[in-house]
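Step one of this worksheet: look at the structure below.
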Amino acid sequence: MNNEIVVLKTILQQMGVAGFRLKDDGFFVPLFDLPEWFSQLYKNKFTVYPENDHYFLGVAFPFIENFLFDAEQVWSKVESDSLYSGLWTEELQDGTELYLEAEAINANGQAVLLFTNETTHFDVRHKVFQAARDLALKNEQLENTVQKHQRQLQQQLEGYCTQSTSFGELTKDIEKESSAVLICRQDGGVEVYNKALIDIYSLTNKFEMQKESLLEKWVKEAERIYPEIHRVLEVGEHWEGEFESTDNLNNKKWIRLMIAPIVDDQRNVVHYICIANDISESRISLSELERITQVDANTKLPNRRSFWTFLSDQIEQKRLVGGQLGLFYVDLDHFKQINDNLGPEQADFLLNTVATRLKRNLKKKDFVAHLGADEFAVITTDYRDNDCLKKIAERIVSGIYREVSFNEMTLNVSASVGIAIYPQHGNSARQVVKSADFAMYHAKEMGRNQYQLFGPNNITESIPKLHIEQGIRKAIKNQEFELVFQPQICIGEKDIYRAEALIRWNHPTLGTLKPNNFIPVAEESGLIIEIGRWVIDEACSALMLFSNNNLKVKIGINVSPKQFKFSNIANDIVEALSKYSVNPSQLELEVTESAFMEDMDDVIKQLQDVRKLGVSISLDDFGTGYSSLSYLKNLPADLLKIDRSFISELPDNKQSKTIVDSLINLAHELSIEVIAEGVENEQQLQYLKDLGCDYFQGYLFHYPLHSERLLELYQNLTKIDAS
Amino acid sequence: MLNKKICMVGAFAVGKTSLVKQFVEGIFDEKYHTTIGVKIDKKVIEKDSKSDTVQLMIWDIEGVDVFTNLKPTYLRGSSGIILVVDGTRRKTLEPTEEIISIIKEHLGNIPIVLLINKSDLETSWQFQIEDTLTLGIADSNIFKTSAKNDNNVESAFERLVELISK
Numbered sequence: 001m002n003n004e005i006v007v008l009k010t011i012l013q014q015m016g017v018a019g020f021r022l023k024d025d026g027f028f029v030p031l032f033d034l035p036e037w038f039s040q041l042y043k044n045k046f047t048v049y050p051e052n053d054h055y056f057l058g059v060a061f062p063f064i065e066n067f068l069f070d071a072e073q074v075w076s077k078v079e080s081d082s083l084y085s086g087l088w089t090e091e092l093q094d095g096t097e098l099y100l101e102a103e104a105i106n107a108n109g110q111a112v113l114l115f116t117n118e119t120t121h122f123d124v125r126h127k128v129f130q131a132a133r134d135l136a137l138k139n140e141q142l143e144n145t146v147q148k149h150q151r152q153l154q155q156q157l158e159g160y161c162t163q164s165t166s167f168g169e170l171t172k173d174i175e176k177e178s179s180a181v182l183i184c185r186q187d188g189g190v191e192v193y194n195k196a197l198i199d200i201y202s203l204t205n206k207f208e209m210q211k212e213s214l215l216e217k218w219v220k221e222a223e224r225i226y227p228e229i230h231r232v233l234e235v236g237e238h239w240e241g242e243f244e245s246t247d248n249l250n251n252k253k254w255i256r257l258m259i260a261p262i263v264d265d266q267r268n269v270v271h272y273i274c275i276a277n278d279i280s281e282s283r284i285s286l287s288e289l290e291r292i293t294q295v296d297a298n299t300k301l302p303n304r305r306s307f308w309t310f311l312s313d314q315i316e317q318k319r320l321v322g323g324q325l326g327l328f329y330v331d332l333d334h335f336k337q338i339n340d341n342l343g344p345e346q347a348d349f350l351l352n353t354v355a356t357r358l359k360r361n362l363k364k365k366d367f368v369a370h371l372g373a374d375e376f377a378v379i380t381t382d383y384r385d386n387d388c389l390k391k392i393a394e395r396i397v398s399g400i401y402r403e404v405s406f407n408e409m410t411l412n413v414s415a416s417v418g419i420a421i422y423p424q425h426g427n428s429a430r431q432v433v434k435s436a437d438f439a440m441y442h443a444k445e446m447g448r449n450q451y452q453l454f455g456p457n458n459i460t461e462s463i464p465k466l467h468i469e470q471g472i473r474k475a476i477k478n479q480e481f482e483l484v485f486q487p488q489i490c491i492g493e494k495d496i497y498r499a500e501a502l503i504r505w506n507h508p509t510l511g512t513l514k515p516n517n518f519i520p521v522a523e524e525s526g527l528i529i530e531i532g533r534w535v536i537d538e539a540c541s542a543l544m545l546f547s548n549n550n551l552k553v554k555i556g557i558n559v560s561p562k563q564f565k566f567s568n569i570a571n572d573i574v575e576a577l578s579k580y581s582v583n584p585s586q587l588e589l590e591v592t593e594s595a596f597m598e599d600m601d602d603v604i605k606q607l608q609d610v611r612k613l614g615v616s617i618s619l620d621d622f623g624t625g626y627s628s629l630s631y632l633k634n635l636p637a638d639l640l641k642i643d644r645s646f647i648s649e650l651p652d653n654k655q656s657k658t659i660v661d662s663l664i665n666l667a668h669e670l671s672i673e674v675i676a677e678g679v680e681n682e683q684q685l686q687y688l689k690d691l692g693c694d695y696f697q698g699y700l701f702h703y704p705l706h707s708e709r710l711l712e713l714y715q716n717l718t719k720i721d722a723s
Numbered sequence: 001m002l003n004k005k006i007c008m009v010g011a012f013a014v015g016k017t018s019l020v021k022q023f024v025e026g027i028f029d030e031k032y033h034t035t036i037g038v039k040i041d042k043k044v045i046e047k048d049s050k051s052d053t054v055q056l057m058i059w060d061i062e063g064v065d066v067f068t069n070l071k072p073t074y075l076r077g078s079s080g081i082i083l084v085v086d087g088t089r090r091k092t093l094e095p096t097e098e099i100i101s102i103i104k105e106h107l108g109n110i111p112i113v114l115l116i117n118k119s120d121l122e123t124s125w126q127f128q129i130e131d132t133l134t135l136g137i138a139d140s141n142i143f144k145t146s147a148k149n150d151n152n153v154e155s156a157f158e159r160l161v162e163l164i165s166k
């Protein structure tokens with residue numbers, strides 16, 4: 001339980017949340033370590049440093065002082081509830097603007113106040129609103145121009161009507177006028193009209209126009225929103241307005257109409273001058289405006305804003321009438337890499353493809369949203385039980401997991417999906433989303449390209465970034481990292497044992513963490529360089545242990561692309577080999593395809609340098625990224641490791657079989673040996689053996705072992721071999 | 001020193017933020033940056049005696065449009081209101097009556113100063129001061145302002161301070 005609390009606290013920190021509890025004495029105290037942005041801001045706003053962790057939030061932030069009145073209502077309720085403050089802006093000392101939102105939560109009687117830093121999402125939100133309001137301003141200008149023109153034209157026509165008795169000249173003058181003109185008698189009888197009027201109403205001749213009084217039609221249509229129009233016209237006053245009208249072909253149009261009555265000396269209406277313009281385009285863009293605030297511009301799916309509205313409404317409805325709903329949080333695997341390497345246009349194309357695949361695999365009733373970047377969400381209310389949800393998740397995963405073809409390459413796209421259910425996994429929209437997000441993270445942890453239903457394990461397995469980043473430095477110093485070794489088996493005869501070194505972090509509070517939990521964070525923060533050096537050193541230390549026990553072992557270590565970019569990997573290796581007197585041929589670098597993406601030539605040169613030392617190179621996770629086999633011949637590789645995602649589908653999946661078959665053949669053609677990762681059953685092993693695969697690694701043989709256990713294993717194997 | 005909260009309200013893109021920026025920092029930016037949510041600025045108005053000095057807490061509230069209504073909770077505790085319209089856009093008069101009725105409902109009869117902004121473009125104005133009569137704001141509380149030229153900006157704020165200090 002304590003572990004979960006630690007994790008939850010750090011998750012909130014990672015989300016940029018500053019959390020406070022309102023104490024009985026009226027002071028706010030932090031629920032956990034405050035994020036840096038909040039501490040800075042608070043110092044800027046309130047010079048007195050908080051004593052005993054007592055924060056004067058209302059004094060420091062006038063916006064919050066005001067919000068506390070509404071928050072009190074929430075906190076005084078008997079049942080759990082929450083309230084958002086809306087967005088407000090604060091400034092740091094250097095002028096940096098922070099966009100914040102507060103949430104008052106009544107958590108089982110505890111008064112909680114959360115501050116969320118929305119600065120990173122603000123830009124997108126601002127762009128949408130800016131675009132919407134810019135467009136609205138343009139439409140206003142357009143309407144003003146039309147209005148001005150109509151008024152000028154009306155004045156001209158009024159002058160003509162009062163001075164002339166016939167319309168002969170006028171008919172010619174107005175023929176080319178862009179606004180539609182109709183002059184009619186009080187009973188609607190047509191006197192003069194122009195081509196623009198014929199065009200707007202798709203009329204073919206005068207006879208058609210006379211079938212029904214257009215004036216009468218307009219009045220009927222306009223009175224739906226201008227009920228006063230009858231009265232205004234009856235008393236001979238001028239009228240103007242905008243309303244929806246139907247043309248002769250039954251098309252709906254928005255019309256801006258101005259009607260000016262011409263009266264005689266006795267104030268009797270003798271003519272009506274009607275000037276109309278089709279303003280449908282600006283009206284459409286207005287409705288478009290409303291739409292763009294709800295729809296993602298690229299995928300045309302409902303956006304994050306729309307998603308939250310829909311989810312909150314649905315949950316509110318379920319709360320009132322009962323029922324449940326399922327939320328699927330869908331996150332594409334390795335999207336950042338794709339975006340970085342292929343560029344935004346191709347990434348957009350990929351997102352569009354995924355959006356289409358998602359929609360195709362779901363019912364029309366299901367709500368599909370694009371939350372931004374590589375995140376999608378699906379809400380379903382139409383299901384019987386959890387099994388149904390799992391089936392939907394299977395459809396989502398398998399529907400997305402297909403190749404996407406770009407101009408010059410083909411990419412395997414996959415997604416990890418987390419499922420959460422209202423009300424079991426949260427009684428608010430935010431809580432359900434968090435649960436689904438945890439579950440999705442768990443799916444990633446379990447190897448990606450799969451789904452997970454939310455469960456208590458998800459929380460402990462979702463380790464937040466901040467917690468990791470803070471701990472890594474200490475971890476190296478406190479010797480919390482260790483290497484475990486998974487043997488790589490050769491069925492035939494080889495004179496050397498092989499194993500892959502895998503890093504584990506024995507975290508003081510979170511237990512043993514696997515690389516997926518911390519390596520991405522270490523890569524982002526640059527700490528990977530230090531970890532990478534430690535791995536090289538530790539692997540060489542283990543090799544010395546094996547050598548001292550007369551065992552010839554080769555150890556493969558994983559190397560991050562960042563190590564090629566920001567450190568001198570050859571030097572690090574030379575130092576470690578020399579320190580432990582290890583033969584270079586006992587060390588192998590495992591490099592993923594992504595290492596070559598940024599600066600292929602430089603990485604190849606560095607690998608060649610390493611190879612010159614006598615260290616071998618293996619290409620890791622092959623086939624998962626840019627399946628361009630053409631550059632394989634250019635890489636200084638001794639071994640190729642086929643990714644577990646292909647092996648897991650053997651021997652039933654035809655596509656995986658073809659890929660594995662091709663990879664092994666191609667590698668052998670290039671004199672490169674092949675290791676199959678993730679071999680878990682006899683059928684897979686047999687299939688791979690038949691293809692001539694050189695090495696096998698997986699749970700079928702051994703789980704990762706500590707160096708002492710590996711030593712024991714190899715010593716026993718040596719005895720068997722000898723006997 | 002007295003602390004007084006005042007709120008800037010009105011339709012979107014009338015120049016509320018520009019007026020605050022001109023009044024507080026003496027800066028004008030030609031580009032239109034729409035406001036989302038609320039931004040609070042402070043400005044001390046010096047008076048002859050220190051006890052009369054007022055610190056204004058100016059709440060610049062997101063403009064009203066089809067997506068955004070005026071949130072009455074933001075008005076809570078206000079001593080006065082600056083209602084802004086754009087002289088070059090008649091449409092910006094449309095939401096004013098409703099805004100005033102929200103203010104009256106939640107704050108009663110508190111001082112309201114009306115700013116008809118963009119006086120630097122007065123030749124292109126689409127309405128006149130007389131068109132604002134229906135709002136029931138006294139002539140002495142209506143100002144033609146320009147955040148761009150700093151025309152009447154300080155006078156308008158000072159008028160509100162005068163009204164709320166009474």
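In the order they appear, the protein sequences are chains A and B.
Each residue of the first sequence is one higher than the one before, starting from 1 at the first, in this note's numbering.
Each residue of the second sequence is one higher than the one before, starting from 1 at the first, in this note's numbering.
C-beta: ideal position from N, C-alpha, C; glycine also.
Buried/exposed call for Asp374 of chain A, threshold 16 Cβ in 10 Å:
buried
Can you tell me whether DSSP reads Gly471 of chain A as helix, strand or coil?
helix
Would you give the residue range spanned by the beta strand (DSSP E) that Lys43 of chain B belongs to?
Val38 to Ile45
Using alpha carbons as the reference points, say which of A:Ser656, A:Pro651, A:Asp652 and A:Asp638 lies closest to Glu669 of chain A.
Relative to Glu669 of chain A, the option among A:Ser656, A:Pro651, A:Asp652 and A:Asp638 whose CA is nearest is A:Asp638.
Would you mind giving the Cβ-Cβ distance between Gln563 of chain A and Ile529 of chain A, rounded to the nearest angstrom? I have them listed as a contact below 8 Å.
6 Å
8 Å Cβ cut-off: residues of chain B touching Arg537 of chain A:
First, the residue type needs correcting, since residue 537 of chain A is Asp and not Arg in the sequence shown. Going along chain B, no residue has its Cβ under 8 Å from Asp537 of chain A, so there is no contact; the nearest lies around 51 Å.
Please classify Cys274 of chain A as buried or exposed, where buried requires at least 16 other C-beta atoms within 10 Å of its C-beta.
By the 16-neighbour rule on beta-carbons within 10 angstroms, Cys274 of chain A is buried.
Between the beta-carbon of Glu223 of chain A and the beta-carbon of Ser245 of chain A, is there less than 8 Å?
no
For Gln424 of chain A, count neighbouring C-beta atoms within 10 Å of its own C-beta (all shown protein chains included) and say buried if the count is 16 or more, exposed if not.
By the neighbour-count criterion, in which 16 or more other beta carbons inside 10 Å mark a residue as buried, Gln424 of chain A falls on the exposed side.
Using beta carbons (cut-off 8 Å, strictly below), is Arg125 of chain A in contact with chain B?
yes
To test your reading of the DSSP string, which unbroken alpha helix (DSSP H) runs of 4 or more residues are found completely within the segment 389-463 of chain A?
429-445 and 456-461
Enclosing beta strand (DSSP E) for Gln665 of chain A [first to last residue]
Correcting the residue identity first, residue 665 of chain A is Asn in this sequence and not Gln. Segment Lys654 to Glu669 is the alpha helix (DSSP H) holding Asn665 of chain A; no beta strand (DSSP E) there.
Residues near Pro332 of chain A by beta carbon distance below 7 Å, same chain, minus five either side
Inspection of the sequence shows that residue 332 of chain A is occupied by Leu rather than by Pro. Correct list, in chain order: Val354, Asp374, Val413 and Ala415.
Does Glu523 of chain A come out as helix, strand or coil in the three-state DSSP assignment?
helix
Do you know whose CA, among A:Thr120, A:Leu83 and A:Glu90, lies nearest Ala102 of chain A's CA?
A:Leu83
Using a C-beta cutoff of 8 Å, does Gln55 of chain B count as contacting chain A?
no
Counting only beta-carbon atoms, is Phe23 of chain B nearer than 8 Å to chain A?
no
Taking contact to mean 3 or more Cβ pairs, one atom from each stretch, closer than 8 Å, check whether the segment 568-577 of chain A and the segment 523-543 of chain A are in contact.
yes
Can you tell me which of the three DSSP states Arg224 of chain A falls into?
coil
Within 8 Å of any Cβ in chain B, is that where the Cβ of Ser627 of chain A sits?
Annotation note: pLDDT 45 at Ser627 of chain A (below 50); position unreliable, no value reported.
Count the C-beta pairs between the segment 335-348 of chain A and the segment 388-403 of chain A that are closer than 8 Å, then say yes if the count reaches three, no if not.
Result no; under three Cβ-Cβ pairs closer than 8 Å.
Let's test the definition: count the other Cβ atoms within 10 Å of the Cβ of Pro95 of chain B and tell me whether it reaches 16, buried, or not, exposed.
buried
Take the Cβ of Arg473 of chain A as the centre, count every other Cβ of all protein chains shown within 10 Å, and call the residue buried at 16 or more, exposed below.
exposed
Just reading off the beta strand (DSSP E) that Ile27 of chain B is part of, what are its end residues?
For Ile27 of chain B, there is no enclosing beta strand (DSSP E), as DSSP marks it with neither H nor E.
Looking at the secondary structure, which residues open and close the alpha helix (DSSP H) in which Ser39 of chain A lies?
Note, Ser39 of chain A: alpha helix (DSSP H), Glu36 to Lys45.
With Glu140 of chain A and Arg89 of chain B assumed to form a contact (beta carbons below 8 Å), what rounded beta-carbon distance in angstroms separates them?
6 Å
Less than 8 Å between CB atoms is the rule here; does Gln130 of chain A satisfy it with respect to chain B?
yes
Figure out for me which residue from A:Ala570, A:Phe646 and A:Ile647 has the closest Cα to the Cα of Val610 of chain A.
Of the candidates A:Ala570, A:Phe646 and A:Ile647, the one whose C-alpha sits nearest the C-alpha of Val610 of chain A is A:Ala570.
With a threshold of 7 Å, establish whether the CB of Tyr84 of chain A neighbours any heavy atom of the ligand NAP.
The model on display carries no ligand, and the ligand NAP is accordingly not part of it.
Are there 16 or more other CB atoms within 10 angstroms of the CB of Gln452 of chain A, so buried, or fewer, so exposed?
buried
Rounded to the nearest angstrom, what separates Ala147 of chain B and Val161 of chain B at their Cα positions?
Note on geometry: alpha-carbon atoms of Ala147 of chain B and Val161 of chain B lie some 18 Å from one another.
For Phe12 of chain B, the first and last residue of its enclosing beta strand (DSSP E):
No beta strand (DSSP E) contains Phe12 of chain B, which DSSP labels as neither H nor E.
According to DSSP, what are the bridge partners of Gly241 of chain A?
The bridge partners DSSP lists for Gly241 of chain A are A:Leu257.
The segment 228-237 of chain A contacting the segment 297-315 of chain A, beta-carbon criterion three pairs below 8 Å
Touching, no.
Kindly provide the ranges of any beta strand (DSSP E) runs that are 3 or more residues long and lie completely inside the segment 50-93 of chain A, ordered along the chain.
The segment 50-93 of chain A contains, as complete beta strand (DSSP E) runs of 3+ residues, the segments 81-91 (chain order).
Bridge partner(s) assigned by DSSP for Val174 of chain B:
Residue numbering for chain B in the displayed model covers 1 to 166; residue 174 of chain B lies beyond these limits and cannot be assessed.
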